[in-house]
Amino acid sequence: MKKSEHQLRVTPKIWIGLLIAVGYLCIILPIQKLSGIPYQDFGASADNLYRSAIMSMTAGAVALIIVTSLLGWWQPALFDNTQQRWTYKWPIIAPLFLLLGAIANLFLTDFSKFDAKFILILILFGLLVGFCEEITYRGLLLTSLRSKVSEGWVCILTSIIFGLIHGSNIVLGQDISTTISQFFFAALMGFSLYIVPNLGDVTAWTLGCLSVHVRLFFCRQQWLRWFEYNDCRPAKYYLLVHRVP
Numbered sequence: 073m074k075k076s077e078h079q080l081r082v083t084p085k086i087w088i089g090l091l092i093a094v095g096y097l098c099i100i101l102p103i104q105k106l107s108g109i110p111y112q113d114f115g116a117s118a119d120n121l122y123r124s125a126i127m128s129m130t131a132g133a134v135a136l137i138i139v140t141s142l143l144g145w146w147q148p149a150l151f152d153n154t155q156q157r158w159t160y161k162w163p164i165i166a167p168l169f170l171l172l173g174a175i176a177n178l179f180l181t182d183f184s185k186f187d188a189k190f191i192l193i194l195i196l197f198g199l200l201v202g203f204c205e206e207i208t209y210r211g212l213l214l215t216s217l218r219s220k221v222s223e224g225w226v227c228i229l230t231s232i233i234f235g236l237i238h239g240s241n242i243v244l245g246q247d248i249s250t251t252i253s254q255f256f257f258a259a260l261m262g263f264s265l266y267i268v269p270n271l272g273d274v275t276a277w278t279l280g281c282l283s284v285h286v287r288l289f290f291c292r293q294q295w296l297r298w299f300e301y302n303d304c305r306p307a308k309y310y311l312l313v314h315r316v317p
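Per the working numbering, the sequence shown starts with residue 73, numbered consecutively.
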């Protein structure tokens, strides 16, 4: 047993991580469904975004904080201290590409089209999604998988599972073709976000900040309509993945 495992209340097991991943969806999806707001209208207004996304993500965040505390997994979930690091650095291209895209979008977006309330709600949404998804899929799930499988499979499985969980958007009214496309882009996003801490002594919070920034400027339907109007096609591909959850 590794030294770090002695400090954990519960020994990591694969089934625990999978249960948390599914349980997180079981918390946020019913709340989003009960909001009565169609999926495509989540970002139509600040009130819609609050009722559909903020409330569900807040509930999910609270549940994750409780579960992580009970398991005693804060340290492995927030800090990537594994000794199984990759020796090659070229994969950093993937997250850098996403980061550059997010920065470019800052200059492309006409923020005068959105009121202060909407932007504040959107920022809160980005923070909540960044926290919830990084803790769940690149924190707790990753910790669980590392207990039994090699690091290569950890990367593959966390990426695929991150893609698969976006299939739940069908329940909220998303069409099948968009969901299939979203799976591939979400899996790629999961791979990109896995890479960052694996290349050095970087906490999951750094990785989470990247997710927050990318989500903040690529996630909502208003952004999609704005990009379509301005024929900014590259950004549309990012939009496929950055949607609830």
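Don't be surprised by glycine CBs; every beta carbon is placed ideally from N, CA and C. In this text, all values refer to a predicted model and were calculated from it rather than measured experimentally.
Taking the alpha-carbon positions, what's the residue i to residue j distance?
{"i": "R210", "j": "G89", "result": "10 Å"}
{"i": "C204", "j": "L97", "result": "11 Å"}
{"i": "F256", "j": "I242", "result": "15 Å"}
{"i": "C227", "j": "L172", "result": "23 Å"}
{"i": "S240", "j": "V94", "result": "10 Å"}
{"i": "V82", "j": "F179", "result": "46 Å"}
{"i": "W225", "j": "D247", "result": "30 Å"}
{"i": "I389", "j": "K220", "result": "What is shown of the chain runs 73 to 317, which leaves residue 389 out entirely."}
{"i": "G187", "j": "T250", "result": "Residue 187 is actually Asp in this sequence, not Gly. So the two alpha carbons sit approximately 29 Å from each other."}
{"i": "A135", "j": "G198", "result": "18 Å"}
{"i": "A258", "j": "I138", "result": "26 Å"}
{"i": "P110", "j": "L213", "result": "30 Å"}
{"i": "S253", "j": "H238", "result": "10 Å"}
{"i": "I99", "j": "A131", "result": "7 Å"}
{"i": "I193", "j": "S222", "result": "40 Å"}
{"i": "T140", "j": "I175", "result": "32 Å"}
{"i": "L101", "j": "L142", "result": "23 Å"}
Skipping 5 residues on each side, what residues in its chain have a beta carbon closer than 7 Å to that of residue i?
{"i": "A133", "result": "L200, F203, C204"}
{"i": "L196", "result": "I126"}
{"i": "D113", "result": "N120"}
{"i": "I233", "result": "A93, Y209, L213"}
Per the DSSP calculation, residue i is bridged to which residue(s)?
{"i": "F255", "result": "In the DSSP output, where bridge partners are listed per residue, F255 has none listed."}
Apart from the five residues on each side of it in sequence, which residues of its chain come closer than 8 Å, Cβ to Cβ, to residue i?
{"i": "T215", "result": "P84, G89, W145, P148, A149"}
{"i": "D303", "result": "Residue placement at D303 is poorly supported in this model, since its pLDDT is 37, which falls under 50; the coordinates are not used for a value here."}
{"i": "Q79", "result": "G144, Q147"}
Using C-beta distances below 6 Å, list every residue in its chain close to residue i, excluding the 5 sequence neighbours before and after it, in chain order.
{"i": "S107", "result": "R123, S124"}
List the whole-angstrom C-beta distance separating residue i from residue j, where the pair is believed to meet the contact cut-off of C-beta under 8 Å.
{"i": "K105", "j": "L236", "result": "Contact flag wrong, Cβ pair sits at about 19 Å."}
{"i": "S128", "j": "I92", "result": "Their Cβ separation, rounded to whole angstroms, is 16 Å, which puts S128 and I92 out of contact at 8 Å."}
{"i": "L217", "j": "T208", "result": "The Cβ separation is near 13 Å, so there is no contact."}
{"i": "F190", "j": "A118", "result": "4 Å"}
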